[in-house]
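J.: Quick note: numbering that gives the first Met the number 0 has the sequence shown finishing at residue 244, numbered continuously throughout.
Mind looking over this structure? Questions follow.
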Amino acid sequence: MSDPLQDPSGDSPGKMKAILLVTAAAAFAAAPAFVPFNGFDPTLFPIPQVDAPAQPAGYAFAIWGVIYLWLVIHAVYGLVARADDPAWDAPRWPLMVALVPGTPWLSVASFSPIWATILIFVMLGGALAAMLSAPRAQDPWLLGAPIELFAGWLTAASCVSLALLGAGYGIVFGQTIWAVIALALATGIALWVQQRRPGSWFHALGVIWALIAVAVSNFGGQWLLALLALAAAGLIAARTLRAVR
């Protein structure tokens, strides 16, 4: 008697998930071609967020090109060469939790910072869960590294989104304090990741890349905030380096 859970086409559950992941990664990577995005429209907030100090310098967003390409390579290689490998199968569902809401995120961000912030934290949760469930020893450059970089950038991006939302809606503090909160939260998450998964260099790199860009955007203006961002980047780098010694 045949297994009722077996796909009638003969494809294994692992392969079916791998196909779904390729589809999700491709849709996620293609989204910017249809919905250009250069940051939240400042006028979407009751208090317009013009030149918000929590926002990284524009060049930092170029990291998305690397993330998109690497995630697609990860998904395709997983389908072609590792469809039924348990190590590759483990992070697939949580990674899809990050990618599926990420596809409409650009559209949502164009009209609702509140929903965009909620979605990006869902994406962060999925990406962190995927990263923590991916074994490090096997295919590190194709399995763990792209997920780590994705999760690292989302760590910073979600905190920036929260800061813009808090300042934009005048929740207790102004722009500068919300920027400090974002720095502290992103740093805290990054240090927690290093505790849970020591030596996660690509997660650290994603966060550090964003923190340096925050420092760059504040040079010549809010020097103290720029120095705090650099100090946070240095702390994460030191903690990550210590973990691999």
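Even glycine gets a Cβ: it sits at the ideal position worked out from N, Cα and C.
Predicted, not measured: the structure shown is a model, and the values here were computed from it.
Considering residue 80, what are the terminal residues of the alpha helix (DSSP H) in which it resides?
T.: 62-80
J.: In whole angstroms, give me the CA-to-CA distance for residue 229 and residue 79.
T.: 41 Å
J.: Have a look at 212, 243, 201 and 235 and flag the residue whose alpha-carbon is nearest the alpha-carbon of residue 66.
T.: 201
J.: For the 8 Å Cβ check, are there 3 or more pairs between the stretch 55-69 and the stretch 163-171?
T.: no
J.: May I ask which residues mark the beginning and end of the alpha helix (DSSP H) holding residue 25?
T.: First-last of the alpha helix (DSSP H) with residue 25: 12-33.
J.: With DSSP collapsed to three states, give me the class of residue 135.
T.: coil
J.: Just how far apart, CA to CA, sit residue 187 and residue 22?
T.: 33 Å
J.: Can you tell me which of the three DSSP states residue 38 falls into?
T.: coil
J.: Does the Cβ of residue 85 have 16 or more other Cβ atoms within 10 Å, making it buried, or fewer, making it exposed?
T.: With fewer than 16 Cβ atoms within 10 Å of its Cβ, residue 85 is classed as exposed.
J.: Apart from the five residues on each side of it in sequence, which residues of its chain come closer than 6 Å, Cβ to Cβ, to residue 51?
T.: 163 and 174
J.: To the nearest angstrom, how far is the alpha carbon of residue 317 from that of residue 209?
T.: No answer is possible for residue 317: it lies beyond the span of the chain, which begins at 0 and ends at 244.
J.: Taking all protein chains shown into account, decide if residue 83 is buried (16 or more other Cβ within 10 angstroms of its Cβ) or exposed.
T.: exposed
J.: Closest to residue 236 by C-alpha separation, out of 68, 148, 203 and 155, would be which residue?
T.: 203
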